[in-house]
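For what it's worth, full-length UniProt numbering labels the leading residue of the sequence shown as 1, then goes sequentially.
Yeah, the Cβ is synthetic: ideal placement off N, Cα and C, and Gly gets one too.
From a predicted model like this one, the values you see are computed outputs, not experimental measurements.
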Amino acid sequence: MHSKSFSALILIALVAMVGSNSLFIVDETERAIKLKFGEIVDADIPPGLHFKVPVLHTIRKFDSRVMTLDSRPQRFLTLEKKAVVVDSFVKWRIANVQEYYQATSGDELVAARLLAPRVDEGLRNQFGERTMYEVVSGERDELMSELNERLNVITKAELGIELLDIRVKRIDLPPEVSHAVYERMNTERQREAREHRSQGKELAEGIRADADRQKQVLLAEAFRESERIKGEGDATAAATYAKAYQQDPEFYSFLRSLEAYRNTFNSKNDIMVLQPDSEFFNYMKDSSKQK
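Shown next as C-alpha coordinates:
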(Lines of atoms letter the chains of each structure in order from A and count residues from 1; the text may use other names and numbers.)
(Lines give C-alpha, C1' and ligand atoms only; values in the text may rest on other atoms or scores of the structure.)
Protein backbone atom coordinates (compact mmCIF):
# COMPACT_ATOMS: atom_id res chain seq x y z
CA MET A 1 0.00 0.00 0.00
CA HIS A 2 2.79 2.27 0.86
CA SER A 3 4.65 1.60 -2.41
CA LYS A 4 1.47 2.24 -4.42
CA SER A 5 0.94 5.66 -2.76
CA PHE A 6 4.53 6.61 -3.39
CA SER A 7 4.26 5.63 -7.04
CA ALA A 8 1.05 7.66 -7.36
CA LEU A 9 2.76 10.71 -5.92
CA ILE A 10 5.63 10.33 -8.34
CA LEU A 11 3.20 9.99 -11.23
CA ILE A 12 1.27 13.06 -10.14
CA ALA A 13 4.53 15.04 -9.84
CA LEU A 14 5.60 13.96 -13.33
CA VAL A 15 2.21 14.89 -14.77
CA ALA A 16 2.36 18.29 -13.03
CA MET A 17 5.87 18.92 -14.30
CA VAL A 18 4.97 17.94 -17.85
CA GLY A 19 1.81 20.05 -17.67
CA SER A 20 3.67 23.10 -16.42
CA ASN A 21 6.25 22.74 -19.18
CA SER A 22 3.51 22.24 -21.76
CA LEU A 23 1.64 25.47 -21.00
CA PHE A 24 2.87 29.04 -21.47
CA ILE A 25 1.35 32.53 -21.32
CA VAL A 26 1.89 35.37 -23.76
CA ASP A 27 1.29 38.80 -22.18
CA GLU A 28 -0.55 41.60 -24.00
CA THR A 29 2.68 43.61 -24.21
CA GLU A 30 4.55 40.73 -25.83
CA ARG A 31 4.90 39.01 -29.20
CA ALA A 32 5.96 35.34 -29.32
CA ILE A 33 7.07 32.66 -31.78
CA LYS A 34 7.23 28.88 -31.46
CA LEU A 35 10.36 27.07 -32.56
CA LYS A 36 10.81 23.38 -33.32
CA PHE A 37 14.48 22.54 -33.06
CA GLY A 38 15.31 26.11 -34.06
CA GLU A 39 12.83 26.25 -36.95
CA ILE A 40 9.85 28.60 -36.74
CA VAL A 41 6.56 26.72 -36.68
CA ASP A 42 4.30 29.50 -35.39
CA ALA A 43 5.38 33.04 -36.29
CA ASP A 44 2.88 35.15 -34.38
CA ILE A 45 1.33 33.70 -31.22
CA PRO A 46 -1.46 35.94 -29.89
CA PRO A 47 -1.70 36.91 -26.20
CA GLY A 48 -3.20 34.27 -23.88
CA LEU A 49 -2.61 30.72 -22.63
CA HIS A 50 -1.08 28.29 -25.14
CA PHE A 51 0.19 24.70 -25.37
CA LYS A 52 3.59 23.38 -26.45
CA VAL A 53 5.37 20.07 -26.51
CA PRO A 54 8.13 20.00 -23.91
CA VAL A 55 11.67 19.62 -25.25
CA LEU A 56 10.32 19.60 -28.82
CA HIS A 57 9.12 23.23 -28.84
CA THR A 58 10.87 26.41 -27.68
CA ILE A 59 9.06 29.68 -27.10
CA ARG A 60 10.71 33.10 -27.70
CA LYS A 61 8.98 36.23 -26.43
CA PHE A 62 9.66 39.82 -27.47
CA ASP A 63 8.52 43.19 -26.16
CA SER A 64 5.83 44.57 -28.49
CA ARG A 65 5.69 48.02 -26.93
CA VAL A 66 7.08 51.16 -28.54
CA MET A 67 10.87 51.28 -28.24
CA THR A 68 13.20 54.27 -28.42
CA LEU A 69 16.52 54.37 -30.26
CA ASP A 70 18.54 57.39 -29.14
CA SER A 71 21.20 57.80 -31.81
CA ARG A 72 24.58 59.37 -31.27
CA PRO A 73 25.04 62.86 -32.78
CA GLN A 74 26.19 62.61 -36.39
CA ARG A 75 27.80 65.16 -38.71
CA PHE A 76 25.96 65.84 -42.00
CA LEU A 77 26.39 68.28 -44.90
CA THR A 78 23.57 70.49 -46.17
CA LEU A 79 22.89 71.40 -49.81
CA GLU A 80 25.31 74.35 -49.60
CA LYS A 81 28.00 72.06 -48.11
CA LYS A 82 27.67 73.44 -44.59
CA ALA A 83 28.38 70.97 -41.80
CA VAL A 84 25.87 70.41 -39.01
CA VAL A 85 25.83 68.05 -36.04
CA VAL A 86 22.43 66.34 -35.71
CA ASP A 87 21.15 64.62 -32.57
CA SER A 88 18.08 62.47 -33.28
CA PHE A 89 15.96 59.64 -31.89
CA VAL A 90 13.63 57.01 -33.37
CA LYS A 91 10.41 55.45 -32.07
CA TRP A 92 9.87 51.88 -33.34
CA ARG A 93 8.14 48.60 -32.58
CA ILE A 94 8.00 45.05 -33.90
CA ALA A 95 5.73 44.74 -36.95
CA ASN A 96 6.62 41.23 -38.21
CA VAL A 97 7.82 38.84 -35.52
CA GLN A 98 9.26 36.30 -37.95
CA GLU A 99 11.25 38.88 -39.91
CA TYR A 100 12.39 40.51 -36.70
CA TYR A 101 13.61 37.22 -35.24
CA GLN A 102 15.38 36.18 -38.42
CA ALA A 103 17.13 39.56 -38.75
CA THR A 104 18.06 40.18 -35.12
CA SER A 105 17.68 36.81 -33.32
CA GLY A 106 15.28 38.68 -31.05
CA ASP A 107 18.06 40.86 -29.55
CA GLU A 108 17.12 44.52 -29.09
CA LEU A 109 20.78 45.58 -29.17
CA VAL A 110 21.23 43.90 -32.53
CA ALA A 111 18.05 45.59 -33.74
CA ALA A 112 19.36 49.00 -32.63
CA ARG A 113 22.73 48.31 -34.26
CA LEU A 114 21.04 47.44 -37.57
CA LEU A 115 18.53 50.30 -37.41
CA ALA A 116 20.95 53.13 -36.51
CA PRO A 117 23.00 53.18 -39.76
CA ARG A 118 19.84 53.13 -41.87
CA VAL A 119 18.46 56.13 -40.00
CA ASP A 120 21.80 57.96 -40.26
CA GLU A 121 21.97 57.32 -44.00
CA GLY A 122 18.41 58.56 -44.46
CA LEU A 123 19.12 61.71 -42.48
CA ARG A 124 22.33 62.31 -44.45
CA ASN A 125 20.42 62.09 -47.73
CA GLN A 126 17.62 64.35 -46.52
CA PHE A 127 20.01 66.99 -45.17
CA GLY A 128 22.04 66.87 -48.37
CA GLU A 129 18.96 67.84 -50.39
CA ARG A 130 18.10 70.92 -48.26
CA THR A 131 19.67 74.21 -47.26
CA MET A 132 20.65 75.20 -43.74
CA TYR A 133 17.53 77.31 -43.29
CA GLU A 134 15.25 74.50 -44.47
CA VAL A 135 16.68 71.88 -42.12
CA VAL A 136 16.79 74.23 -39.13
CA SER A 137 13.33 75.73 -39.33
CA GLY A 138 11.71 75.86 -42.72
CA GLU A 139 11.06 72.21 -43.69
CA ARG A 140 12.02 70.12 -40.68
CA ASP A 141 8.58 68.53 -40.25
CA GLU A 142 8.39 67.69 -43.96
CA LEU A 143 11.92 66.25 -43.79
CA MET A 144 11.06 63.98 -40.88
CA SER A 145 7.78 62.78 -42.42
CA GLU A 146 9.39 61.99 -45.76
CA LEU A 147 12.31 60.18 -44.13
CA ASN A 148 9.96 58.17 -41.89
CA GLU A 149 7.89 57.01 -44.87
CA ARG A 150 10.95 55.95 -46.89
CA LEU A 151 12.71 54.12 -44.08
CA ASN A 152 9.55 52.46 -42.80
CA VAL A 153 9.22 50.49 -46.04
CA ILE A 154 12.84 49.32 -45.82
CA THR A 155 12.86 48.41 -42.12
CA LYS A 156 9.59 46.47 -42.39
CA ALA A 157 10.92 44.41 -45.28
CA GLU A 158 14.44 43.85 -43.92
CA LEU A 159 14.05 43.92 -40.14
CA GLY A 160 10.35 43.42 -39.43
CA ILE A 161 10.39 46.79 -37.60
CA GLU A 162 7.82 49.56 -37.97
CA LEU A 163 9.16 53.10 -37.64
CA LEU A 164 6.59 55.23 -35.83
CA ASP A 165 8.49 58.50 -35.71
CA ILE A 166 11.89 60.03 -36.39
CA ARG A 167 12.69 63.28 -34.61
CA VAL A 168 15.65 65.65 -34.46
CA LYS A 169 16.35 66.80 -30.91
CA ARG A 170 18.85 69.48 -31.83
CA ILE A 171 21.00 70.73 -34.68
CA ASP A 172 24.35 72.26 -33.80
CA LEU A 173 27.26 73.61 -35.75
CA PRO A 174 30.64 71.83 -35.48
CA PRO A 175 32.93 73.25 -32.77
CA GLU A 176 35.28 74.96 -35.23
CA VAL A 177 32.36 76.53 -37.10
CA SER A 178 30.59 77.47 -33.86
CA HIS A 179 33.69 79.36 -32.73
CA ALA A 180 33.87 81.29 -36.00
CA VAL A 181 30.15 82.06 -35.86
CA TYR A 182 30.50 83.16 -32.24
CA GLU A 183 33.37 85.47 -33.12
CA ARG A 184 31.41 86.93 -36.03
CA MET A 185 28.37 87.44 -33.82
CA ASN A 186 30.55 89.00 -31.12
CA THR A 187 32.09 91.38 -33.65
CA GLU A 188 28.67 92.30 -34.98
CA ARG A 189 27.31 92.93 -31.47
CA GLN A 190 30.33 95.08 -30.62
CA ARG A 191 29.76 97.11 -33.80
CA GLU A 192 26.10 97.58 -32.88
CA ALA A 193 27.13 98.56 -29.34
CA ARG A 194 29.52 101.19 -30.70
CA GLU A 195 26.78 102.56 -32.95
CA HIS A 196 24.36 102.74 -30.03
CA ARG A 197 26.98 104.46 -27.86
CA SER A 198 27.75 106.93 -30.65
CA GLN A 199 24.06 107.67 -31.12
CA GLY A 200 23.67 108.02 -27.37
CA LYS A 201 26.58 110.46 -27.14
CA GLU A 202 25.18 112.48 -30.03
CA LEU A 203 21.77 112.57 -28.40
CA ALA A 204 23.33 113.48 -25.03
CA GLU A 205 25.28 116.37 -26.62
CA GLY A 206 22.09 117.64 -28.22
CA ILE A 207 20.26 117.45 -24.89
CA ARG A 208 23.11 119.22 -23.08
CA ALA A 209 23.29 121.95 -25.74
CA ASP A 210 19.55 122.47 -25.56
CA ALA A 211 19.70 122.54 -21.75
CA ASP A 212 22.56 125.10 -21.83
CA ARG A 213 20.62 127.24 -24.30
CA GLN A 214 17.50 127.11 -22.13
CA LYS A 215 19.66 127.94 -19.10
CA GLN A 216 21.12 131.02 -20.82
CA VAL A 217 17.66 132.09 -21.98
CA LEU A 218 16.22 131.67 -18.49
CA LEU A 219 19.14 133.57 -16.91
CA ALA A 220 18.82 136.39 -19.44
CA GLU A 221 15.07 136.61 -18.90
CA ALA A 222 15.56 136.51 -15.12
CA PHE A 223 18.25 139.23 -15.31
CA ARG A 224 16.04 141.35 -17.53
CA GLU A 225 13.11 140.89 -15.15
CA SER A 226 15.27 141.68 -12.11
CA GLU A 227 16.63 144.81 -13.78
CA ARG A 228 13.12 145.89 -14.67
CA ILE A 229 11.97 145.32 -11.08
CA LYS A 230 15.03 147.18 -9.76
CA GLY A 231 14.34 150.04 -12.12
CA GLU A 232 10.73 150.21 -11.03
CA GLY A 233 11.85 150.11 -7.38
CA ASP A 234 14.44 152.81 -7.90
CA ALA A 235 11.90 154.92 -9.72
CA THR A 236 9.38 154.39 -6.94
CA ALA A 237 12.05 155.22 -4.29
CA ALA A 238 13.15 158.31 -6.21
CA ALA A 239 9.55 159.44 -6.58
CA THR A 240 8.96 158.86 -2.85
CA TYR A 241 12.14 160.79 -1.96
CA ALA A 242 11.19 163.59 -4.31
CA LYS A 243 7.69 163.79 -2.94
CA ALA A 244 9.00 163.83 0.62
CA TYR A 245 11.61 166.43 -0.34
CA GLN A 246 8.98 168.66 -1.90
CA GLN A 247 6.91 168.63 1.31
CA ASP A 248 9.78 170.23 3.37
CA PRO A 249 12.96 170.81 1.39
CA GLU A 250 14.76 172.50 4.28
CA PHE A 251 14.13 169.65 6.71
CA TYR A 252 15.17 167.11 4.08
CA SER A 253 18.48 168.96 3.54
CA PHE A 254 19.06 169.14 7.27
CA LEU A 255 18.37 165.38 7.70
CA ARG A 256 20.70 164.48 4.85
CA SER A 257 23.42 166.68 6.39
CA LEU A 258 23.09 164.92 9.76
CA GLU A 259 23.43 161.54 8.06
CA ALA A 260 26.49 162.81 6.22
CA TYR A 261 28.02 164.09 9.48
CA ARG A 262 27.37 160.77 11.26
CA ASN A 263 28.87 158.70 8.45
CA THR A 264 31.82 161.03 8.09
CA PHE A 265 32.81 161.35 11.76
CA ASN A 266 32.06 157.76 12.67
CA SER A 267 35.74 156.83 12.77
CA LYS A 268 38.33 158.88 14.70
CA ASN A 269 41.06 157.97 12.26
CA ASP A 270 39.37 159.64 9.30
CA ILE A 271 40.90 162.93 8.08
CA MET A 272 39.05 165.44 5.92
CA VAL A 273 40.67 168.38 4.18
CA LEU A 274 38.00 170.98 3.39
CA GLN A 275 37.82 174.74 3.08
CA PRO A 276 36.25 176.50 6.06
CA ASP A 277 33.54 178.02 3.92
CA SER A 278 32.54 174.65 2.41
CA GLU A 279 28.82 173.95 2.14
CA PHE A 280 29.43 170.76 4.11
CA PHE A 281 29.60 172.82 7.33
CA ASN A 282 26.62 175.08 6.61
CA TYR A 283 24.45 173.71 9.43
CA MET A 284 27.38 173.83 11.85
CA LYS A 285 28.20 177.54 11.18
CA ASP A 286 24.73 178.98 10.77
CA SER A 287 22.48 177.90 13.54
CA SER A 288 19.56 179.63 11.97
CA LYS A 289 19.40 176.89 9.35
CA GLN A 290 18.82 174.31 12.03
CA LYS A 291 15.46 175.84 12.96
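For this session: Might you give, ordered along the chain, the residues of its own chain that have their beta carbon closer than 6 Å to the beta carbon of Q126, omitting 5 neighbours on each side?
Result: The residue given as residue 126 occupies position 126 in the sequence shown. Here the set comprises L143, L147.
Problem set entry | Spatial distance of S64 from Q98 (CA atoms) | Here the question's residue 64 lines up with position 64 in the sequence shown. Here the question's residue 98 lines up with position 98 in the sequence shown. Using only the alpha carbons, I get a separation of about 13 Å.
Problem set entry | Rounded separation between I166 and E188 - CA only | On the sequence shown, residue 166 is found 166 positions in, with the first residue counted as 1. On the sequence shown, residue 188 is found 188 positions in, with the first residue counted as 1. Distance between the alpha carbons of I166 and E188 is about 36 Å.
Exercise. Which residues bound the alpha helix (DSSP H) around V153?
Worked result: In the sequence shown, counting from the first residue as 1, residue 153 sits at position 153. Segment 140-159, the alpha helix (DSSP H) holding V153.
Exercise. Is it right to say A32 is buried, meaning 16 or more other beta carbons lie within 10 angstroms of its own, or is it exposed?
Worked result: Residue numbering aside, residue 32 sits at position 32 when the sequence shown is read from its first letter. Using a 10 angstroms sphere on the CB of A32, the tally of other CB atoms reaches 16 or more, which defines it as buried.
Exercise. Can you tell me the Cα-Cα spacing of G122 and L69, whole angstroms?
Worked result: In the sequence shown, the residue the question calls residue 122 occupies position 122. In the sequence shown, the residue the question calls residue 69 occupies position 69. Straight through space, the alpha carbons of L69 and G122 are spaced by roughly 15 Å.
For this session: State the start and end residues of the unbroken alpha helix (DSSP H) segment that holds A95.
Result: What you label residue 95 is simply residue 95 of the sequence shown in a count that begins at 1. In the DSSP assignment, A95 falls outside any alpha helix (DSSP H) and carries neither an H nor an E.
Exercise. When the Cα atoms are used, what is the spatial distance from Q214 to T236?
Worked result: Position 214 of the sequence shown holds residue 214. Position 236 of the sequence shown holds residue 236. Rounded to the nearest angstrom, the two C-alpha atoms are 32 Å apart.
Exercise. Of the choices Q74, K36, G38, whose alpha-carbon is the least far from that of L173?
Worked result: Locating residue 173 in the sequence shown gives position 173, counting from the first residue. Nearest of Q74, K36, G38 to L173, Cα basis: Q74.
Problem set entry | Segment contact flag, the region 97-113 with the region 204-224, C-beta cutoff 8 Å, min 3 pairs | As far as the Cβ criterion goes, the region 97-113 does not touch the region 204-224, which means the pair count is below three.
Exercise. Between the region 153-165 and the region 83-96, do three or more beta carbon pairs fall short of 8 Å?
Worked result: Three or more Cβ pairs drawn from the region 153-165 and the region 83-96 lie within less than 8 Å of each other, which places the two stretches in contact.
Exercise. When the Cα of L79 is compared with those of V90, Y133, S71, which residue comes out closest?
Worked result: Mapped onto the sequence shown, residue 79 falls at position 79. Answer by Cα proximity: Y133.
Exercise. Does DSSP put V84 in a helix, in a strand, or in coil?
Worked result: By one-based count along the sequence shown, residue 84 stands at place 84. V84 falls in the strand class under three-state DSSP.
Problem set entry | Same chain only: Cβ atoms within 8 Å of L23, ignoring 5 sequence neighbours per side | Position 23 of the sequence shown, counting from 1, holds the residue named residue 23. Only residues of its own chain outside the window of five on either side were considered, and among them L49, H50, F51, K52 have a CB closer than 8 Å to the CB of L23, listed in chain order.
Exercise. Alpha carbon to alpha carbon, how far is W92 from F76?
Worked result: Along the sequence shown, one-based indexing puts residue 92 at 92. Along the sequence shown, one-based indexing puts residue 76 at 76. CA-CA distance, W92 to F76, rounds to 23 Å.
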